[in-house]
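In the numbering used here, the protein residues as written are 12 to 82. By construction, the Cβ of each residue, glycine as well, lies at the ideal position given by its N, Cα and C atoms. See below for the structure under consideration.
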């Protein structure tokens, strides 16, 4: 499953199921501390994805396991 991720200015990772949810200023479906969450730390990201996330951009990524048990 693809999800949309963005890292804010204090390092929290926010995840949305749909880009439209982010664009319509819906709250993120999940948020986590990107420096300490083991699922995020082990997430496979390309260098391009990582660079965009570090720049505060919204990026489409594979779900790192946060939506696996949800519809």
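- Neighbourhood of residue 39 by C-beta distance below 7 Å, restricted to the same chain and skipping five residues each side: Taking the first residue of the chain shown as 1, we reach residue 39 at position 28. These residues qualify, in order along the chain: 25, 26 and 27.
- Task: Would you please state the rounded distance, in angstroms, between the beta carbons of residue 62 and residue 18? I believe it to be under 8 Å.
- Result: Along the chain shown, read from residue 1 onward, the residue named residue 62 stands at position 51. Along the chain shown, read from residue 1 onward, the residue named residue 18 stands at position 7. Not a contact, Cβ separation roughly 11 Å.
- Query: Taking buried to mean at least 16 other C-beta atoms within 10 Å of its own C-beta, is residue 14 buried or exposed?
  - Reply: Position 3 of the chain shown, counted from the first residue, corresponds to residue 14. Buried: at least 16 other Cβ atoms inside 10 Å.
- Task: Give the C-beta separation of residue 64 and residue 33 to the nearest angstrom, bearing in mind that I take them to be a contact with Cβ-Cβ under 8 Å.
- Result: On the chain shown, position 53 is the one that residue 64 refers to. On the chain shown, position 22 is the one that residue 33 refers to. Contact check for residue 64 and residue 33: beta-carbon distance about 13 Å, past the 8 Å limit, so the pair fails to qualify.
- Query: When burial is assigned at 16 or more other CB atoms within 10 Å of the CB, is residue 53 buried or exposed?
  - Reply: Position 42 of the chain shown, counted from the start, is the residue given in the question as residue 53. Exposure of residue 53 is indicated by the presence of fewer than 16 other C-beta atoms within 10 angstroms of its C-beta.
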